[in-house]
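Okay, structure first, notes after.
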Amino acid sequence: MSAESGTLVLMVAGFAGGAGLAFLAPSDRGARLVTALGAIVGCLGGLAAAATVIVTGRPVIAVLPNLVSSAGGIVIGLDRLGALFLALVAAVGLLAAIYGVSYTAEYDGRRPLRFFAVMFNGFLLGMSLVACAANIFTFLLAWEVMAVTSYFLVMTEHESDDTRQAGLWYIAMTHFALVLLLPMFLLMAPSADATTFADLRLGARVLPTAARDGVFLLALLAFGSKAGIVPLHVWLPRAHPAAPSHVSALMSGVMIKLGIYGLIRVTFDLMGGGPTWWGGLLLTVGSVSALLGVLYALMEHDLKRLLAYHSVENIGIILIGIGAGSILNGFGLHALGRIGFAGALFHTVNHASFKALLFLGAGGVIQQTHTGNMEELGGLIKRMPYTAASFLVGSAAIAALPPLNGFASEWLIFQSLLAGTHIPRPEVAIGFPIAVGILALTSGLAAACFVKAFGISFLAMPRSDHAARAQEPHWSMRTMMLLLAGGCGVLGVAAPAVIRSLNSIIDSVPGLSAGEPVAPSPRLWLTMPDGMTQMSPLLIAVLLGAIIVAVALALHVRGLRVRRADTWGCGRIGQTPRMEYTASAFAEPLRRIFSELYRPTEDLSISVHGESRYFVRSITYTSHVVPWFEKAFYEPLTRGVHACATQVRRLQAGYVHVYLLYVAAALVVALASAWWFQ
Amino acid sequence: MIRYLAILAQTLAAVALAPALVGFIRWLKARLQGRTGAAPWQPYYEIRKLFGKEAVVSHTASWLFKATPFMVFGTSVAVASLVPLILAPSDSFVIGDLFAVVYLLLLGTFFLALAGLDTGSPFGGMGASREMTVVALTEPTVALSIVALALNAGSTNLSQIVARTIAEPSMALGPGHLLAFAALFIVTLAENGRLPVDNPSTHLELTMIHEAMVLEYSGPYLALVEWGAALKLLVFLALAANLFMPWGIAVSLAPAAVLMGLVSFIVKLAVLAAAIAVLETRVAKLRLFRVPELLSASFVLALLAVMSTFLAR
Amino acid sequence: MLTLIFLLVPPGVATCLATLVRPYRRLVGWTSVTCGGVSLVAAGWMALTVVPGRGPGGQSLATGAWHIDPLSALLAVCIAFVALLAAALGPGLSPHDAHDATETRRFHIYMNAFAFTMLTAVTIPNIALMWVAIEATTITSAMAIPLNRTKASVEASWKYLLVCSVGIALAFAGTVLAYFDFVATAGQVHAALNWDVLRTAAPSLHPELLQIAFAFILVGYGTKAGLAPMHTWLPDAHSEAPSPISAMMSGVLLAVAMYAIARWKAVIDASIGPTFTNNMLIGFGLCSVAIGTLSLVIQQHYKRMLAYSSVEHMGLVSIGLGLGPLGVFAAWLHVMNHAVAKSMTFLLAGRILHRFNTTEIARVSGLLRVMPWTGALFAAGGLALVGLPPFGLFVSELLLVQAAIAGQKTWLAALVLVLLLTAFVSLLAHLNRMLYGQPPDGVRVGEDRQWSTMALMLPACVLVALGVVLPSPVSTLIHQCVISLLPR
Amino acid sequence: MLLTALIVLWRKSVPAYITAYKWQSWLLAAVTATIGYFGGDRQLYWVAVVLVALKGVAIPFLLRAMQRRFSALPETKPYVNTETSLLIASLLVLFAYVLARPWVMVSRLPTREGLPLATSLLFVSLFIIVSRKKATTQVIGFLMLENAIGLLAAVGTYGVPLLVELGVFLDALMGFLVMQIFVYHIHETFDSIDVEQLTRLRH
């Protein structure tokens, strides 16, 4: 056994051991610790394996043909592309596991922690194996293990109806993906017993065009529903808030990325890329997802639902990058296409870091205040300074503000879109500037949304007693958040270095790189291939830091006198939280501007005094935004199925004569068809 | 090395000039409205006085409130050091491009909006909400203007754009360029809180945007915020001036060229400032919910700019 | 021969014992369990002797009137396993039960007789005697349904008896027709009703007659196998029978009927080629999957829900049998998985019914809290039934779809997948409602009968083993089944 | 024999059904014995004897016992009235003849002309079961169905081997007994043997 496969064995053993040993733990606390310990060992194993593969470029291959040999056996093949995603899983998993020890402390004695342990470690195992799988069976097995365990994790706090609804939506959508994945893979298989990815690669090459298109569309729908593209994202805003926060962090930070992984694996690795319209479709889907994701996020006042919609947005951004890269590759502009792919992969990594950070931060808030409703939060920056600071970093990163990592990856994606002007066909090229506009609008709205999220939740005065009594969470939780915040910063300023290693990953997938190696880029700059455009996040950070420090020093040297006073309240004395701006009020202008899209249902009722209608007793105003595509897509679907089911129910009428008549009728039909067959 | 010093010098010059620009607009507006008005250098007095006063900070506010003025000023200065003002920065050593400029400015706005919320004052929240709305809606226009420029220059590198336009003056008069300029000008008005989007000279609760956000600031903090805002306006005008009509800008460090650059820079700024002043005396402030119409108009302009550049290629 | 005795005699002994000893004693129950165990060991041993296989068809245990090939062995193992489970978890072993002594006695008589008839049906090579045995399964199981005589259970067993008897009579008509053709062609021959003889003679038989015969046989045994639209007895009988009997009926009885169909298919394919039989099987299978699935959507009773899921799964098996070698492999693997999963869920449903005193889904909630282990196992069983890994049904459904796509029947794969998705969502919706939430008032919280819970872990473990390991003896056995059913 | 089945369709009282069934069974036995005589198969005599004993004597006797027990219950109408029943029955006979035509070609046995007859009997019996409401009537219909298959076996193949035949008889007897038990069950629990009552299990 080589060292590489040893690390993989360590990974599996860690996850499985943690889950198994949790049953032997004497107390709930012990179970929590053992779970985390197993997860840590597993994640470290995974990280080691991923790092080895990324550095050496030699794939780790392990075959266990005796397990379920009729379905092709278990085949593990970790290459650079898989290793990138394995690294993501392991890194975020590591932090989430440690965070989870304290976060799940409140479950002691109230919830089956050992069951939770099995599901949590099983979830990590499933996700890790998805990135390692190298045949159909292994992939689907891992994929579904990931889905099922995460379903149970989502259902952890099952007392509320919302959670149960969420769980159902989630598992239904995830099964929808599986149902599409099966034919997708099998269409590529050259024969029934050739199901490794290497076979599929060969099989896809000889596939007729229509079948290739079919495979691509199936992949887009299947992996897209996992990744959360509009309109298949409906489970995200339901499931992420329902799950415990460190699980949401994993789901949103990593699991949905495996949808991206699958899409890249199938479209660009197994099929080696496709015609222009594939890229065009990806670009369109990405743009729509990005814009709608952020628009619906703006309307959400639940911290975790808001974050969930932002996952939709960021998946959209990643798809924009992939789509742009794919189109550029299709026109032979491989060096430019690579910018798109690099940006997309980089954004994948970045989103994992800042979204995990934000979910962990939200988890800290929810653990302390027992609510994720922003209208009941506020003032937390004084009670939970570390959490607030980390959350602020995450917010800035997701809003693509320099010099953090979100900016670096969006910069690359912007550049790849600008490169679209090199495309000779105007009707294709014209899509790129429009995507630029959408992406810019998206990031502007994202900034607005995170001003709301951070500003309403953490700033000003507490809006409820819970918020007023909040404390900083346990140090282990805080440390994980700070580590992730640091990660956002480091990934930002070290972007050029990250891109260098991402380039090596792109080189390893011919469908992405088109076989053209890239010239090594400078260490400090992100550059375009023509070398004319460049940007250095590190130098921007240094510049900005230097200016701020200089000004601050100058001001303090002069002597800065500060006096504390009340906030000005138009002369009214005594500030109350009721005077503060609310999250709904904050989002009101945008809701009005995009009312065509939101189509809010509004209900205004005013009760007046009997004497005169000018003396108002109370005003009640309620307004709801229900995403229109839920009405447009899902309602008719469920209604149709129900109608069919009602018809079918009639078959079982209860009369035994009717039943016998069915038998007779079936006999007649069978005889008739036998006759017809002659 | 000398280039870096030159950039440092021009940045400092811009920082120094910024209050005068605001003062000049105010003065000209007053004149156009038939008032005497304060002298153009009045803002310097104000800033000096503010620096001398003590700062009053709300009990409700956190460290973020105190950090924000530095962030706002810092981003403005950083941006000023990235854009071509008097001389075009070297094309071999560039820290950031147009996107970096836009997002650095967004960083400042982001913190300013947060600070608006931090005091718990309803005005702050109102300002923050409106400011973020306007900024979000201007982003696509900005980005598309960048595309229009980049289409010509083949790069978002500022000095490249400047160099290209100097090399091919005919391009500057092309429809794409002009439309993009118009779009960017509207964005400049919106981003800097000028009429018809926001009125910088009133403190009327229901209409103010930028002023509502900074309502709680006082003393040195207010000075930094105001100065940063002025600098931001200057940077925008400089971008409009130098990217679309870069003539006169210094491409070498020869004293004559630098002098020429300085003079042309001031002249261009003055012309644009005058345009703003004239505009501000002629138009009324738009209702808040009419602003998106203006911004979508600017977006259409930018889109047309891109289209026509495409077709002209 | 000895193995066969050990396979068939124990259930017979247990039946006799239960009949003779009255009133019921606990010892009888334990004897049933022991006999079930012996039977299972014998079946396993039989399977192992058949597996190593020399030449196509494997080594046959042909002794006199009996003939064991891999397919018989496979089904015998399933039957013995489920019968053992039913005996071990049925009434009569622990002091406090839902049933009184008379009922328990009756249960043990009919349960063992039921097992005996099923084991006979799959081990006997004579098609007519197999028919007799299958008809006998109807009688024995119908007797076992109304243990405590309620209107519903009497009604269910009457419907079951009548519909299945008629169906099975049609199957006999088919049998007679085929035999008639054989006699018409070859004259009176010794052992003419044996599979092998029929199959050898098949190519010379008249195709048009065999087609008609197959139509009769398919409808006839299809009634017994729960293929739609002849499935109507199934939800009634399965939901009203005592849970161990439901487990046996759903888990293996349906499979025995499929076994008969598969045997006949092999004979008829030898004459007219597989196209006709395949199309018929796929047609009826698809119909079953569709009706089973759609009946799940607004189902209100969990035992009926499981019954409809059986209809759906038998439809899948039928489709698999119509899809060539890979499909047949998938079908038998599916039969095996389904036997384990469905018997487990039915037994668990019995425990849920015992605790909650209702079969309505809407009135069961918080199962995971009320009975953590039962709930978790029920969840596992439910997830297994909807074809999720790491359970075995995932593998067989995967192979089924693979067979459809490899056989250029992409439309079929698409249709099946859409229906499976619907089934998945509806079953999960019901499961979701039952497992979670607050327990209803007045329901005692806490697990009891630890050992039987542990016993129910066994099928779950078997399912996982079939899903992630699929031991090579098992896959070889099924492979041999496929070979033995293919045209020679 | 077909005639006896048609009689069932025509008549409305259960005793008449039982008589018809008895005659049918005797006829079947006679046919079997005749075939045995012409075919020279000794076994078939035994079969005929068993037939007479079981279906000609024992089962009608039990049926009558059952009938006496339930005779107090009101008579119920079938789903389809007599005229239509006969019409449908004739259609079924037609269908059976069409269906069985190729078989007649195949067979070389002298009894082959009986094949369509057996088939039509099969269909008519099926129709009886479907269209009658009483549990007892359904039992009689089922028994007729078995007779039809027995006839099919006898005329088509000169009878299946004795062992098999015995098994079938045993099964039929058991099946009948069990059905009878259930008829009593139904009577006890529902106070009626009208199967229309049995509709509580639906959907």
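Chains as they are written, first to last, in the numbering used here: chain A, 1 to 678; chain B, 679 to 991; chain C, 992 to 1479; chain D, 1480 to 1682. Glycine included, each C-beta is placed from N, C-alpha and C at the ideal position.
Partners in chain A for residue i, counting only beta-carbon separations shorter than 7 Å
i	result
His1682 of chain D	Arg649, Gln652
Thr1678 of chain D	Gly654, Tyr655
Val1386 of chain C	Val68, Ala71
Own chain, CB closer than 6 Å to residue i, minus 5 neighbours either side, in chain order
i	result
Ser623 of chain A	Pro600, Glu602
Arg238 of chain A	Ala166, Trp169
Ile1310 of chain C	Ile1273, Gly1276
Gly1046 of chain C	Reliability fails at Gly1046 of chain C, whose pLDDT of 36 lies under 50, so the model's placement of it is uncertain and no value is given.
Phe341 of chain A	Gly325, Ile506, Leu512
Ala1193 of chain C	Val1258, Ala1261, Ser1262
Bridge partners - residue i, DSSP secondary structure assignment
i	result
Asn405 of chain A	Answer is none; Asn405 of chain A lacks a bridge partner.
Ala928 of chain B	B:Leu765
Ile679 of chain A	No answer is possible for residue 679 of chain A: it lies beyond the span of chain A, which begins at 1 and ends at 678.
Met535 of chain A	A:Leu526
Lys727 of chain B	In the DSSP output, where bridge partners are listed per residue, Lys727 of chain B has none listed.
Residues near residue i in its chain [Cβ-Cβ closer than 7 Å; skip 5 each side]
i	result
Ser287 of chain A	Gly316, Ile320, Ala435, Ile438
Ile1672 of chain D	Phe1549, Leu1552, Lys1613, Ala1614, Thr1615, Val1662, Ile1665, His1666
Val761 of chain B	Val779, Leu836, Val913, Ala916, Leu917
Residue from the options with nearest C-alpha to residue i
i	options	result
Arg58 of chain A	A:Ala49, A:Pro65, A:Leu526	A:Ala49
Leu827 of chain B	B:Thr787, B:Gly939, B:Asp775	B:Asp775
Pro1233 of chain C	C:Ser1030, C:Ala1147, C:Tyr1170	C:Ala1147
Leu220 of chain A	A:Ala243, A:Gly259, A:Pro522	A:Gly259
Gly1366 of chain C	C:Tyr1427, C:Ala1079, C:Phe1385, C:Leu1412	C:Tyr1427
Presumed contact (8 Å Cβ cut-off) between residue i and residue j, rounded CB distance
i	j	result
Lys355 of chain A	Ser311 of chain A	6 Å
Gly73 of chain A	Leu67 of chain A	6 Å
Ile98 of chain A	Ala36 of chain A	6 Å
Ala324 of chain A	Gly420 of chain A	6 Å
Tyr103 of chain A	His246 of chain A	5 Å
Listed by chain order, chain B residues near residue i by CB distance under 7 Å
i	result
Val436 of chain A	Ala821, Leu822, Val825
Phe407 of chain A	Tyr781
Residues of its chain near residue i, where Cβ-Cβ distance is below 8 Å and the 5 sequence neighbours each way are ignored
i	result
Ser1051 of chain C	In this predicted model, Ser1051 of chain C has a pLDDT of only 47, less than 50, meaning its place in the structure is not dependable; the value taken from the coordinates is given anyway. Around Ser1051 of chain C: Val1041, His1058, Ile1059, Asp1060.
Thr885 of chain B	Asp876, Asn877, Lys963, Leu966
Gly1048 of chain C	Any reading at Gly1048 of chain C needs caution, since the residue's pLDDT is 38, under 50, leaving its predicted position unreliable; the model's value is listed next. Closer than 8 Å at the Cβ level, and outside the excluded window around Gly1048 of chain C, lie Asp1060, Pro1061, Gln1471, Ile1474, Ser1475.
Closer than 8 Å at the beta carbon, the chain D residues around residue i
i	result
Lys1142 of chain C	Thr1668, Phe1669, Arg1679
Leu590 of chain A	Those do not exist, as Leu590 of chain A stays about 49 Å from chain D at its closest Cβ, beyond 8 Å.
Chain D residues whose Cβ lies nearer than 7 Å to that of residue i
i	result
Ala664 of chain A	Leu1605, Val1609
Leu412 of chain A	Going along chain D, no residue has its Cβ under 7 Å from Leu412 of chain A, so there is no contact; the nearest lies around 58 Å.
Contacts of residue i in chain A (Cβ-Cβ under 8 Å)
i	result
Leu1506 of chain D	Result: empty, since nearest Cβ-Cβ is about 25 Å, beyond 8 Å.
Residue i: contacting residues in chain B (beta-carbon distance under 8 Å)
i	result
Arg563 of chain A	Glu732, Ala733, Val734, Val735
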